[in-house]
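Residue numbers (my numbering): 417 to 1101. C-beta: ideal position from N, C-alpha, C; glycine also. Predicted model, so just to flag it, every value in this text is computed and none were measured.
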């Protein structure tokens, strides 16, 4: 369905004349265009607010190059694009046909012959995407165009670019969340098998007109994906077993796309679509002719339809390699950087070459990072385990497995007193609680571990928040090691900090933070004790608002709130005190510094748009490092000069950062070119 151009729309992009509007969504507007040779194109023009983001442009440029590498008849071909003009844009061949969602919504489920042809074509398309080193990561019926000569897969890995534009969204807010695989919901990990799971869901929709896991939305839908069984009533017997295997909870139990292709391959009839759907294809061809577009030389064209309805979120066929380059922004610091004791404060920071240490062949993500006080161990939180690294020898030394963990070890901290390790991870619902399973979601554990003996000392737990997406993100010991504090998500925009006594496991305080707003979640994203142990700082946020609450650790009475006018979605996500306790630094998208005596904001080292969500202060307080969880940027500031050193971290970037206890090394979490989790250690010169 093509609409006329509007008054403010461009008439030409990259030498391609625009003929009308195909639709729009969060990433921009898609136009019907015609090349100089007369070829019909779908041209996406990126939204102005994203075009102003230099990091987004860099990722978009990689996207264009990656998309050209995919070669399969059943994927739509990217033919042109640029990221360096007034606005980034991408052009693909135009395909006349409805989306699978539109066709099934209007005319009902497809017959089994068409379902087999659809599955075979999509499996071939996914095989091509995977062969190019890419993943789709967000396949839905809206990403499949039904052409008269077979299905076409579009928007491969567009979900990843959507993530880059929405850095702190929850999985529940993801477009097409009901088609995500369990591992994507639980851990954020996308595998080739995740695309197979989505393919199974798409085929259920094609065969029945229903979603495999019901019509729920938001977190309720995701709970069904993780714990529920697919509804295969109405799925033809010829394909039911194959689809059931595609929807297995365990990624290892799903068939590879090559096996799916072999199971469905055959000799589909030339007229593979039902007559009513074939009529929709004819209408799209006729409509394209109305605009006077000459028939192009390509063998297929692209119409990008919405995930729901005729045209909503519209996308070009794209693939993006997860990666990053330089720091996400280099704004000039405002205010006067805090003073640093000593006369040897550096004017700039220099780093040596990085040593990369892979976590393991099955580890595709890392969520937390911490040095031991003596500098002899570096702990990395991975899926259901902690990986231990010798930062001197730059080698792995072992692992600590958490069999009860439902997902990633999301926070780590070493006790400064005795080197005990605190590890935070989600727990499964408690079957003996007597509560409905849905109410038991969001249970969190903190295990205290004697690293030397590899023995568990104590496990502390937090009750359920009744939501699968409620997690914990931060943990910290008091300077004397006698107390441990946890920050976690809570209902109604109220984050929560919990403090325990280490020796007994007794809960000492339960501290709600943040204003309430019914129906949403708040996050206590960062906790830290002051160097003298007298103050607990809790950073929190929800819905682009956040602050830091200070509590007296003698009584846990609130002392003050350090407010920010605006933050990233989840507020203040990292905190660090200067060694003398006179300055508190916080990452909130930007990086701020407060004077703890006056409790006033004194310095902004980076602006909100920089997207820093992790920070680390060197032990002497003379260097501050900030990392961006989106875009993978890393930058280091010399204090008190405030001079910034952007660090090139490679294609895969970095999202966590920690200085060694001697200040001579810095560690970051990143991904390899094979999309496996790794740690990089650099000497600080």
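What residues in its chain sit with their C-beta under 8 angstroms from that of residue i, if we drop five residues either side in the sequence?
i, result
"residue 430", "459, 496, 497, 498, 501, 505 and 507"
"residue 711", "Model confidence at residue 711 stands at a pLDDT of 32, short of 50, so the residue's coordinates are unreliable; what they give is reported in the following sentence. Around residue 711: 454 and 456."
"residue 432", "449, 450, 451, 452, 457, 459, 496 and 507"
"residue 629", "594, 617, 637, 640, 641, 644, 646 and 647"
"residue 610", "551, 553, 596, 597, 599, 600 and 667"
"residue 879", "859"
"residue 808", "791 and 792"
Taking Cβ positions, are residue i and residue j nearer each other than 7 angstroms?
i, j, result
"residue 990", "residue 1003", "yes"
"residue 795", "residue 828", "yes"
"residue 944", "residue 904", "no"
"residue 423", "residue 436", "no"
"residue 784", "residue 768", "no"
"residue 477", "residue 677", "no"
"residue 1030", "residue 1043", "yes"
"residue 1096", "residue 772", "yes"
"residue 957", "residue 977", "no"
"residue 534", "residue 567", "yes"
"residue 838", "residue 867", "no"
"residue 986", "residue 939", "yes"
Assign residue i to one of three DSSP states: helix, strand, or coil.
i, result
"residue 974", "strand"
"residue 1025", "helix"
"residue 696", "helix"
"residue 981", "coil"
"residue 701", "helix"
"residue 628", "coil"
"residue 464", "helix"
"residue 493", "coil"
"residue 472", "helix"
"residue 488", "coil"
"residue 510", "coil"
"residue 863", "strand"
"residue 1016", "strand"
"residue 815", "strand"
"residue 887", "coil"
"residue 658", "helix"
"residue 1107", "Since the first residue of the chain shown is 417 and the last is 1101, residue 1107 is not available in this structure."
"residue 557", "helix"
"residue 623", "helix"
"residue 689", "coil"
"residue 877", "strand"
"residue 965", "strand"
"residue 591", "Note on residue 591: pLDDT 44, under 50, position unreliable in the model; the coordinate value appears next. It is coil, neither helix nor strand."
"residue 670", "coil"
Just curious, the beta strand (DSSP E) that residue i is in, first and last residue?
i, result
"residue 915", "911 to 917"
"residue 1078", "Here residue 1078 belongs to no beta strand (DSSP E), and DSSP marks it neither H nor E."
"residue 1011", "1007 to 1011"
"residue 782", "Here residue 782 belongs to no beta strand (DSSP E), and DSSP marks it neither H nor E."
"residue 1000", "999 to 1003"
"residue 566", "566 to 569"
Give every residue of the same chain whose Cβ lies closer than 7 angstroms to the Cβ of residue i, excluding the five residues on either side of it in the sequence, and list them in chain order.
i, result
"residue 694", "564 and 687"
"residue 530", "688, 689 and 690"
"residue 1012", "997, 998, 999 and 1000"
"residue 896", "833 and 949"
"residue 428", "434"
Can you tell me where the alpha helix (DSSP H) with residue i in it begins and where it stops?
i, result
"residue 503", "From DSSP, residue 503 is part of no alpha helix (DSSP H); its letter is neither H nor E."
"residue 774", "Not the alpha helix (DSSP H): residue 774 falls in the beta strand (DSSP E), residues 771 to 774."
"residue 809", "It is not in any alpha helix (DSSP H) - residue 809 carries neither H nor E in the DSSP assignment."
"residue 535", "528 to 547"
"residue 523", "516 to 523"
"residue 837", "Element bounds for residue 837: not the alpha helix (DSSP H) but the beta strand (DSSP E), 837 to 842."
Once the 5 residues before and after residue i are set aside, which same chain residues still bring their CB inside 6 angstroms of it?
i, result
"residue 815", "801 and 803"
"residue 607", "667"
"residue 517", "557 and 558"
"residue 770", "1096 and 1098"
"residue 898", "918"
Is the closest heavy atom of the ligand ZN to the C-beta of residue i under 6 angstroms?
i, result
"residue 660", "Looking for the ligand ZN in the displayed structure turns up nothing, as the structure carries no ligands at all."
Taking contact to mean 3 or more Cβ pairs, one atom from each stretch, closer than 8 angstroms, check whether the segment 601 to 614 and the segment 548 to 556 are in contact. yes
Any 3 or more C-beta pairs closer than 8 angstroms across the segment 648 to 664 and the segment 513 to 524: no
Evaluate contact between the segment 471 to 488 and the segment 447 to 457, counting only Cβ atoms and requiring at least three cross-stretch pairs below 8 angstroms. no
Measuring CB atoms only, is the segment 1072 to 1084 touching the segment 782 to 797, in the sense that at least three cross pairs come out at less than 8 angstroms? yes
Taking 8 angstroms as the threshold, find out whether the segment 948 to 962 comes into contact with the segment 871 to 878 through three or more Cβ pairs. no
For the pair the segment 487 to 494 and the segment 440 to 449, tell me if three or more CB-CB distances fall below 8 angstroms. no
Per the contact definition of three or more C-beta pairs closer than 8 angstroms, is the segment 460 to 467 in contact with the segment 509 to 518? no
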